[in-house]
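Residue numbers (our numbering), protein chains in the order written: chain A, 1 to 280; chain B, 281 to 560.
Here's the structure we're looking at; comments come further down.
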């Protein structure tokens, strides 16, 4: 069994506006990261929410999301001690397939893949793939690029090339974090992508489930859009001059909810659980 | 639209074994409470997990669950300051229909319902329903009972009786917390109840969804069982001399999961989201 749909989500840069402290904001971001990783989300888009004067936490959101997605062995190199990561130590790890442990160099096989960082040393490219020593890298890349490397030659002459998409045979290989100036530009740029807009005032998702499943036979990507703690997607789109009714799939994912509100971290996890259930 | 299925969940008393501090344990319990309230769970069973020597947090789990379910206006009376509630102040509230605000006594109508505490004052029963004064209560109850009262007479001669199940016309009216000495006794006591056992080694839930939906035409209750952070239900049932294969619905709710593990708080919310989706 395999799920061929690539999932992305979009969250606003005001996503943390209902948390007061940096500690609680950090924990909330880690909950987004966990939910996305459990359900194999490939891209997390952070869009600018124009409905609020709230001082946004965009830097905190993207830094923690990227940090948690980075294999442990690359973190020291990529993330010098900084205020945004003050609470990184208390966040639940993702433990996903691209977070590989240290292995004995002699046990590496041709075709093995690992996430690495490209470094230029004395004019030559090499990769830090968390193996205790640098690996010769054959290919085009820039100093500092994070790439998935594939071993093309074994110990003691370890050498790696950039892995192709087809080399990554794991169910999941982490997410990317992207930024969007607003939501409508993100939605209009999505021609090969179907969009699912989540909203308490949408129709029950059950009533459109079959239509969405059918639709996913024709497109490869599903982008699931979430609103902000203080404004729903109706308001956010309206502020951008768009009418939510012009979108095909506007769904209430949690009909008959027992609480007044569903928190964003709950909405993301719950929605992805339902989508994973119907698409796998 | 209405969901007629009564949902319960069962969690082990070792549910917090992967959290170190009382703060993080408390937050985790509040996540259980939130998930159960969003999806209208009527009973949370806490069963004893025999597979671990871990010092259990049963008192912490049940106290915080009950505290969060209690309307704010009754908390001072029911919960004197205590160590188990040290972090109650930082937990996300449920904000469910039975958490009613203070209302003007003159605006109460016959038939209005509120959660109250029965008190015996000078030989007479009355109820504290968070209205700034006690209400005469007609009926049988003991001092200290928490009951849902229904107003049978309006201001200034306010009087209330115990509400019947049929008086509670809200979608959701909170959960009960019950304790079970072990899991198998809980499962065998469930004749009018179907049981869904969640396990990563179960079959994909999708393969049994239709069968479960059909089954729910014949029983009113669905009990969803969760394992512990450190032992799955296969082990927990085996330690009780039961074979997990003797149960009809043993489901992997999260096929193709991208992370090594799904945390208990994630499993509860994700599972309830899926069940709510298929049953409403």
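Ideal Cβ placement from N, Cα and C applies to all residues, glycine included.
On a predicted model such as this, the values are computed, not experimentally measured, just so you know.
Item checked: Rounded straight-line distance, which links the Cα of residue 517 of chain B to that of residue 335 of chain B -> Against the second chain, residue 335 of chain B aligns to sequence position 55. Against the second chain, residue 517 of chain B aligns to sequence position 237. Those two C-alpha atoms are separated by around 20 Å.
Item checked: Closer than 8 Å to chain B by CB, residue 119 of chain A -> Residue mapping note: residue 119 of chain A aligns to position 119 of the first chain, counting from 1. False, the Cβ-Cβ gap to chain B never drops below 8 Å.
Notebook entry, point to check: So, is the C-beta of residue 540 of chain B closer than 8 Å to a C-beta in chain A?
Noted result: Residue numbering aside, residue 540 of chain B sits at position 260 when the second chain is read from its first letter. Closer than 8 Å: yes.
Margin query: Ignoring anything shorter than 4 residues, give me the alpha helix (DSSP H) runs that lie fully in the stretch 145-183 of chain A, in order along the chain.
Written below: none
Note to self: Going by DSSP, what residue range makes up the beta strand (DSSP E) through residue 199 of chain A?
What the structure shows: Start at 1 with the first residue of the first chain, and residue 199 of chain A comes out as number 199. From DSSP, the beta strand (DSSP E) with residue 199 of chain A extends over 193-204.
Notebook entry, point to check: Based on the DSSP output, what are the partners of residue 7 of chain A in its beta bridges?
Noted result: Sequence index remark: in the first chain, residue 7 of chain A carries index 7 (1-based). Answer is A:41, A:222.
Notebook entry, point to check: Does the distance from the CB of residue 256 of chain A to the CB of residue 197 of chain A come in under 8 Å?
Noted result: Counted from its first residue, the first chain places residue 256 of chain A at position 256. Counted from its first residue, the first chain places residue 197 of chain A at position 197. Contact: no.
Checklist line | Inter-residue Cα distance where the pair is residue 559 of chain B and residue 318 of chain B | finding: Translated into positions along the second chain, residue 559 of chain B becomes position 279. Translated into positions along the second chain, residue 318 of chain B becomes position 38. So the alpha carbons of these two residues sit roughly 14 Å apart.
Next item on the list: Look at residue 457 of chain B and residue 342 of chain B and say whether their C-beta atoms are less than 8 Å apart.
Entry: The count along the second chain starts at 1 and reaches residue 457 of chain B at position 177. The count along the second chain starts at 1 and reaches residue 342 of chain B at position 62. Contact: yes.
Item checked: Interface residues of chain B facing residue 38 of chain A [CB-CB closer than 8 Å] -> Here residue 38 of chain A corresponds to residue number 38 of the first chain, with the count starting at 1. Near residue 38 of chain A (Cβ distances below 8 Å), the residues of chain B are 534, 537, 538, 539, 542, 546, 550.
Notebook entry, point to check: How would you write the range of the alpha helix (DSSP H) that residue 550 of chain B sits in, first residue to last?
Noted result: Position 270 of the second chain holds residue 550 of chain B. Note, residue 550 of chain B: alpha helix (DSSP H), 544-559.
Notebook entry, point to check: Within the present structure, is the beta-carbon of residue 460 of chain B separated from the nearest heavy atom of the ligand ATP by less than 7 Å?
Noted result: In terms of ligand content, the structure shown is empty, and the ligand ATP therefore cannot be addressed.
Margin query: Spatial neighbours of residue 495 of chain B within its chain, please: C-beta separation below 6 Å, excluding the five flanking residues on both sides.
Written below: One-based indexing of the second chain puts residue 495 of chain B at position 215. Once the five neighbours on either side are set aside, the close Cβ partners of residue 495 of chain B are 474.
Notebook entry, point to check: Hey, how far is the Cα of residue 534 of chain B from the Cα of residue 401 of chain B?
Noted result: Along the second chain, one-based indexing puts residue 534 of chain B at 254. Along the second chain, one-based indexing puts residue 401 of chain B at 121. Whole-angstrom Cα-Cα distance: 54 Å.
Next item on the list: Grab the span of the alpha helix (DSSP H) containing residue 235 of chain A for me, first residue to last.
Entry: On the first chain, residue 235 of chain A is found 235 positions in, with the first residue counted as 1. Segment 233-239, the alpha helix (DSSP H) holding residue 235 of chain A.
Notebook entry, point to check: Which class does residue 113 of chain A belong to by DSSP, given the choice of helix, strand or coil?
Noted result: Here residue 113 of chain A refers to the residue found at position 113 when the first chain is read from its first residue. In the structure shown, residue 113 of chain A sits in a strand (DSSP, three-state: E or B).
Next item on the list: Could you check the C-alpha separation between residue 106 of chain A and residue 324 of chain B for me, to the nearest Å?
Entry: The count along the first chain starts at 1 and reaches residue 106 of chain A at position 106. The count along the second chain starts at 1 and reaches residue 324 of chain B at position 44. Distance between the alpha carbons of residue 106 of chain A and residue 324 of chain B is about 51 Å.
Notebook entry, point to check: In chain order, what residues of the stretch 477-491 of chain B put their CB closer than 9 Å to some CB of chain A?
Noted result: 484, 485, 486, 489
Next item on the list: Show which residues of chain B have a CB atom less than 7 Å away from the CB atom of residue 94 of chain A.
Entry: What you label residue 94 of chain A is simply residue 94 of the first chain in a count that begins at 1. Result: 539.
Note to self: Strictly under 8 Å for the Cβ-Cβ distance: is residue 554 of chain B near chain A by that measure?
What the structure shows: In the second chain, the residue the question calls residue 554 of chain B occupies position 274. At least one chain A Cβ lies under 8 Å of residue 554 of chain B.
Margin query: When you compare the CB of residue 349 of chain B with every CB in chain A, is at least one pair closer than 8 Å?
Written below: Taking the first residue of the second chain as 1, we reach residue 349 of chain B at position 69. No, its Cβ sits nowhere closer than 8 Å to a Cβ of chain A.
Next item on the list: Could you tell me whether the Cβ of residue 294 of chain B comes closer than 8 Å to any Cβ of chain A?
Entry: In the second chain, counting from the first residue as 1, residue 294 of chain B sits at position 14. So, not an interface residue.
Next item on the list: Would you tell me roughly how many angstroms separate the C-alpha atoms of residue 393 of chain B and residue 82 of chain A, rounded to the nearest one?
Entry: Here residue 393 of chain B refers to the residue found at position 113 of the second chain. Here residue 82 of chain A refers to the residue found at position 82 of the first chain. Using only the alpha carbons, I get a separation of about 53 Å.
Next item on the list: Could you please give me the residues that DSSP links to residue 118 of chain A through a beta bridge?
Entry: Here the question's residue 118 of chain A lines up with position 118 in the first chain. DSSP lists A:127 as partners of residue 118 of chain A.
Checklist line | Contact residues within the stretch 446-457 of chain B, judged by C-beta distance below 7 Å to chain A | finding: 451, 452
Note to self: Tell me which residues of the stretch 10-34 of chain A have at least one Cβ-Cβ distance to chain B shorter than 7 Å, keeping chain order.
What the structure shows: 34
Note to self: Going by C-alpha to C-alpha distance, which of A:145, A:118, A:158 sits closest to residue 294 of chain A?
What the structure shows: The shown model of chain A, from 1 to 280, leaves out residue 294 of chain A, and the question about it has no answer.
Check: Would you report the Cα separation of residue 160 of chain A and residue 168 of chain A, rounded to the nearest angstrom?
Finding: Along the first chain, one-based indexing puts residue 160 of chain A at 160. Along the first chain, one-based indexing puts residue 168 of chain A at 168. Roughly 14 Å separates the two Cα atoms.
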